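FYI, the numbering for the sequence shown is 20 to 228, going by the working numbering. All C-beta atoms in this analysis are idealised placements derived from N, C-alpha and C, irrespective of residue type, glycine included. Remember, it's a predicted structure, so these values are computed and weren't measured experimentally. Report on the structure given below.
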Amino acid sequence: MSKQTHLIIAAIVAALLIYQFASCRKSEVPPLIPPPVEAPTPTPEEREARIDQNLAADKGAEAQRLAIAAAEVKRDQREAAMARTRTVQNSVLLSRSAVWESMLASNRTAMIETRKAAAKTPGKSVPCPVCKASSYMPCLVCATTAKPGVCTVCNGTGKNFNDLCPACIGSGKCFSCGGTKVSVCAFCDDGEIFSDTPMPERFLKSNAQ
Ligand SMILES: [Zn+2]
Ligand SMILES: [Zn+2]
Ligand SMILES: [Zn+2]
């Protein structure tokens with residue numbers, strides 16, 4: 020073979036190699052990503068409506084967040100007040116013990132006489148002279164104060180500075196009678212005194228207990 024033939028064969032081989040390389044590269048080219056479909060441009064009205072919608076959603080979320088926070092504060096205040104309720108109520112009852120003791124003393128003789136009288140009746144009972152058979156008597160915690168029915172600790176505000184009043188836990192009502200100004204008569208059994216009706220307890224108790 021002549022030198023020229025060699026050159027031609029070499030050229031053909033080179034051309035084939037180039038062709039193969041090029042076609043190979045071509046097949047490696049990833050498929051073209053379709054161009055994104057452009058959303059239609061919103062009208063000014065649509066844009067405004069969308070802004071309003073977003074604002075309303077933001078407001079709703081904010082209101083919800085505030086409501087949850089407020090509920091948490093209320094729950095914490097309630098728990099803090101309730102932790103002190105028993106102590107504060109007991110100190111109020113203790114402060115009224117003089118009223119209760121004088122009530123007991125002034126009715127003691129009448130109670131003894133009434134029980135004796137009850138023993139002599141066929142039903143062994145007589146109407147209670149203390150409550151006049153109504154079975155209710157004035158609330159010993161609040162009835163003789165300037166504002167009957169009202170919590171004596173917070174004066175009806177339900178508050179103790181920024182916290183809830185521990186005595187009424189925010190209701191502003193007398194904890195013993197719940198604002199009714201009356202409590203169940205401690206001397207009788209539903210308006211009646213029997214021959215064996217016990218004397219009331221020496222210590223004043225909350226009507227709510
Ligand atoms: Zn009574
Ligand atoms: Zn109170
Ligand atoms: Zn009361």
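Task: Pro157, enclosing beta strand (DSSP E) - first and last residue - done: Note, Pro157: beta strand (DSSP E), 155-157.
Open item on the list: On the DSSP letters alone, give me the boundaries of the alpha helix (DSSP H) that Val107 sits inside.
Closed with: 63-114
Task: According to DSSP, residues forming a beta bridge with Ser144 - done: Phe213
Task: Asn179 burial status per 10 Å Cβ neighbour count (16 or more: buried) - done: buried
Task: Candidates Asn73, Cys161, Gly177, Thr176: closest to Ser114 by CA position - done: Cys161
TODO: Sort Ile188, Cys170, Thr176, Asp215 by Cα distance to Lys200 and report the nearest one.
DONE: Cys170
Open item on the list: Is the separation between the beta-carbon of Gly175 and that of Gly191 shorter than 8 Å?
Closed with: In this structure, Gly175 lies near Gly191, with their beta-carbon atoms less than 8 Å apart.
Open item on the list: Let me make sure I understand the geometry here. Which of Lys135, Ala117, Pro63 has the alpha-carbon closest to that of Pro217?
Closed with: Pro217 has its Cα closest to that of Lys135, out of Lys135, Ala117, Pro63.
Task: Sequence-distant residues of its chain with Cβ nearer than 8 Å to Cys150 (five each side left out) - done: Met156, Cys204, Phe206, Cys207, Gly210
TODO: Indicate whether the contact test is met: 3 or more Cβ pairs, each with one atom in the segment 111-131 and one in the segment 217-228, closer than 8 Å.
DONE: yes
Task: Start and end residues, beta strand (DSSP E) containing Ser190 - done: Run containing Ser190: none; DSSP gives neither H nor E here.
Open item on the list: For ligand 3, I want to know if Ser195 counts as a neighbour, meaning its beta carbon is within less than 7 Å of at least one of the ligand's heavy atoms.
Closed with: yes
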